[in-house]
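Peer 1: Protein chains in written order, with the working numbering: chain A, 1 to 283; chain B, 284 to 418.
One structure coming up, written as structure tokens, with questions to follow.
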């Protein structure tokens, strides 16, 4: 079968090489609409027909997402059964244009008040938000072993100015161990994403102190700003993989528990009856 | 069978082993039996490697081969498959034999760069055949 697979592979690659544009392989010869012919992934990519991404993502963001991919899937792209999460989509957004930076002064802590604008157009209506975090990358100059406690104030400015700050749960982390700092902003973004808001303007303010020497006042956390925004989503469309469904399909649920039990009981009674009837079995 | 053996006895002396191996051949599974085959596709072949960060290659696999007559337990085929087999063999050969098709799939996880520069990890349903069946 390897030989036959090799043949089919060689055959296909010849036909692919022979065609200047591989799209002719995928698109229907009569030029009709290909949506019914192509699987969703191929449809999405064939719409981009050989272009190259105009905007390249930030290298640190790409590194983070590659690590996430390796955690969730094998080299062949098969989701690992060990994964226990319900989200089947993760989107990482870099801020569009960093808005004007409020001057950093003692009051706003070591980090300048960062104004961030995220455009979430790529989030589809079928994708429901389960969790979202702001992801900060620590500069490698942060390799000090000090433990730092930070308080993060986050305010959403648009679409509606809600000066609701995050519950000021102090985030404490040891700089040496962390390459990334994740600030959970789910409670703040949930209503916005649910209301199909796709442009989010927020400001973030970090105030950190060293645990060993709080008298030193605020500590200059070497964060490489701006942060990325990561959304963990559950895509409810039919094209997406729903792990809980595959769990259910392995486990055959009875129509109604009562009904199933009745069936089981009657089968048991039936079996007992046949045993009684045939003398041989009785021995 | 006695008559047959006696009548054969008059013919050229056939070695018992030859008859037996011929006889048992009919019970062997067909050489090109229905099973899963690989087909490794690289996204650079389709010029999608600009957009797809991972995986680099995609092996959707496919099912190919003849369905043996005893499909019940080996392929988990429904009873209908055997009915169709009997119809093909005994009643009407224009009815096709059971076909070798995928019976189970697994999803595919893809990491892509979006046109706006954002990065997306998505899991697409039923993109890899993992088991064949005869139907």
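Beta carbons are placed, not taken as given, at the ideal position from N, Cα and C, and that holds for glycine.
Indicate whether the contact test is met: 3 or more Cβ pairs, each with one atom in the region 327 to 337 of chain B and one in the region 386 to 394 of chain B, closer than 8 Å.
Peer 2: With the cut-off at 8 Å, the region 327 to 337 of chain B and the region 386 to 394 of chain B touch.
Peer 1: Does the separation of the CB atoms of residue 295(A) and residue 72(A) fall below 7 Å?
Peer 2: Not covered by the structure: residue 295(A). The range shown for chain A is 1 to 283.
Peer 1: Evaluate contact between the region 364 to 384 of chain B and the region 198 to 211 of chain A, counting only Cβ atoms and requiring at least three cross-stretch pairs below 8 Å.
Peer 2: In short, these stretches do not touch, since the Cβ pair count stays below three.
Peer 1: Going along the chain, which residues of its own chain have a beta-carbon closer than 7 Å to the beta-carbon of residue 202(A), five neighbours each way excluded?
Peer 2: Only 116, 154, 155, 156, 157 meet the Cβ criterion.
Peer 1: By the 10 Å Cβ neighbour count, where 16 or more other Cβ atoms means buried, how is residue 405(B) classified, buried or exposed?
Peer 2: Buried, by the Cβ-count rule.
Peer 1: Kindly say whether residue 3(A), judged by its beta-carbon, lies nearer than 7 Å to any beta-carbon of chain B.
Peer 2: With a pLDDT of only 38 at residue 3(A), under 50, the local geometry of the prediction cannot be trusted, and no value is derived from it.
Peer 1: Residues in the same chain with beta-carbon distance under 7 Å from residue 380(B), minus the five sequence neighbours each way, listed in chain order, please.
Peer 2: Same-chain partners within the cutoff: 350, 368, 371.
Peer 1: Would you please verify whether the beta carbon of residue 358(B) is less than 7 Å from any beta carbon of chain A?
Peer 2: With 7 Å as the cut-off, residue 358(B) does not count as an interface residue toward chain A.
Peer 1: Quick one: is residue 232(A) near chain B, going by C-beta distance under 7 Å?
Peer 2: Not closer than 7 Å to any Cβ of chain B, the Cβ of residue 232(A) fails to qualify, so no.
Peer 1: Residues in the same chain with beta-carbon distance under 6 Å from residue 414(B), minus the five sequence neighbours each way, listed in chain order, please.
Peer 2: If we look at residue 414(B) and ignore the five residues flanking it on each side, its Cβ neighbours are 386, 387.
Peer 1: Taking residue 382(B) as the query, report the chain A residues whose CB atoms sit under 7 Å from its CB, ordered along the chain.
Peer 2: Neighbours of residue 382(B) on chain A: none; closest Cβ ~17 Å, over 7 Å.
Peer 1: Specify, as a first and last residue, the run of the beta strand (DSSP E) that residue 91(A) falls within.
Peer 2: Segment 89 to 93, the beta strand (DSSP E) holding residue 91(A).
Peer 1: Do you know whose CA, among 94(A), 44(A), 79(A), 41(A), lies nearest residue 199(A)'s CA?
Peer 2: Residue 94(A) is the option with its Cα nearest to residue 199(A).
Peer 1: How long is the line joining the alpha carbons of residue 51(A) and residue 382(B), rounded to whole angstroms?
Peer 2: Each residue's alpha carbon lies about 40 Å from the other.
Peer 1: Grab me the residues of residue 92(A)'s own chain with a C-beta within less than 6 Å of its C-beta, minus the 5 sequence neighbours each way, in chain order.
Peer 2: Here the set comprises 61, 65, 228, 230.
Peer 1: If we ignore side chains and look at the alpha-carbon of each, how far apart do residue 37(A) and residue 44(A) end up?
Peer 2: If you take the alpha carbons of residue 37(A) and residue 44(A), they lie about 12 Å apart.
Peer 1: Taking Cβ-Cβ distances below 7 Å as the criterion, which residues of the region 394 to 409 of chain B are in contact with chain A?
Peer 2: Answer in chain order: 394, 396, 397, 398, 399, 400, 401, 402, 403, 404, 405, 406, 407, 408.
Peer 1: Cα separation between residue 408(B) and residue 40(A)?
Peer 2: Distance between the alpha carbons of residue 408(B) and residue 40(A): 10 Å.
Peer 1: Report yes if the C-beta distance between residue 89(A) and residue 127(A) is below 7 Å; otherwise report no.
Peer 2: Yes, these two residues count as a Cβ contact at 7 Å.
Peer 1: Quick check: is the beta carbon of residue 114(A) nearer than 7 Å to any beta carbon in chain B?
Peer 2: So, not an interface residue.
Peer 1: Can you check DSSP and say which residues form a bridge with residue 340(B)?
Peer 2: DSSP output for residue 340(B) lists 325(B) as bridge partner(s).
Peer 1: Since residue 69(A) is in the alpha helix (DSSP H), which residue starts that stretch and which ends it?
Peer 2: Residue 69(A) -> alpha helix (DSSP H) spans 59 to 72.
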